[in-house]
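Asker: Using my numbering, read the sequence shown as starting at 349 and increasing by one per residue.
C-beta: ideal position from N, C-alpha, C; glycine also.
Can you keep this structure in mind? I'll have questions shortly.
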Amino acid sequence: MTFSTSSASPSVQDGLAVIVVAAGSGTRLGYGMPKALVPVAGRPILDIALESVADALPTARIIVTVPAGDTELSAVAAAHGARAVTGGATRAQSVACGLAALDSSARFVLVHDAARLLVPGRVTASVAAALESGERAVIPVLPVNDTVRGVDAQGHSTGTVDRSGLRAVQTPQGFEARLLVDVNLRAGLLERDQHGALAALDRAEDPEGITDDASLIERFAPEVPVTFVAGDEESFKVTRPFDLITARAVLEQRAR
């Protein structure tokens, strides 16, 4: 894998789409509502996430995947000029639903988790710029600072893992649109009908070992290098109640 330090380029936005995944249930947050509706400093997570994307890429077309039967998240999406589409049972299936909604003019697509609501604009712009410079798959990453240990089947330590060769992966992840569609087709997450139109497929489970979009590239198009750009500590994912406290603190600091 290579590491890119490209800066933003406005021309990439002419053919850029962003899929924002917001169909998660948010069970671990304990609010009894979809995660992307949970308020942070009085605003839904999705509202803050879409504002961040739009500020970084103001002319990009944005698709938001939402739970079946949703109206509230769809309204948030519409307020930002984004198109809401029903997502799937898993994150990968929701991304496939977003890809099926792309129009043919999309050259590049960024896939972003709404739960990473505080991604700095420079991170999003650097992913887009790396695509414009010719990279086909780009992900933001951070070094792993904690000590990491391996574990055996009995739950015992197998020793310290060398963290110099590890990176923590964030979003948005960026791809050449045709490449991402192709690996989703190979993975059985998408299909084409007799007219060539894309449709997402329901699956009992995702392909084994697929944890993000870059892992689809590595599994189904291993000849394509996945490029790194610098991520940011503020790009953390809201998963548990403590993350909401941190997110509020970041927003308060930014407002000063």
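Counting beta carbon pairs with one atom in the region 464-482 and one in the region 396-408, are three or more of them shorter than 8 Å?
Answerer: Contact between the region 396-408 and the region 464-482 is present, with at least three C-beta pairs closer than 8 Å.
Asker: What is the DSSP secondary structure of residue 500, reduced to helix, strand or coil?
Answerer: coil
Asker: At the level of alpha carbons, what is the spacing between residue 373 and residue 512?
Answerer: 34 Å
Asker: Please list the terminal residues of the continuous beta strand (DSSP E) segment that includes residue 524.
Answerer: 521-524
Asker: Helix, strand or coil: how does DSSP classify residue 554 here?
Answerer: Taken through DSSP and simplified to helix, strand or coil, residue 554 comes out as coil.
Asker: Between the C-alpha atoms of residue 463 and residue 548, what's the straight-line distance to the nearest angstrom?
Answerer: If you take the alpha carbons of residue 463 and residue 548, they lie about 22 Å apart.
Asker: Between residue 596 and residue 424, is the Cβ-Cβ spacing less than 8 Å?
Answerer: no
Asker: By Cβ distance, which residues of its chain are closer than 7 Å to residue 492, with the 5 residues on each side in sequence left out?
Answerer: Contacts found: 511, 514, 515, 516.
Asker: Relative to the C-alpha of residue 537, which residue among 430, 567, 443 is closest?
Answerer: 443
Asker: Among all the DSSP beta bridges, which residues are the ones paired with residue 487?
Answerer: 576
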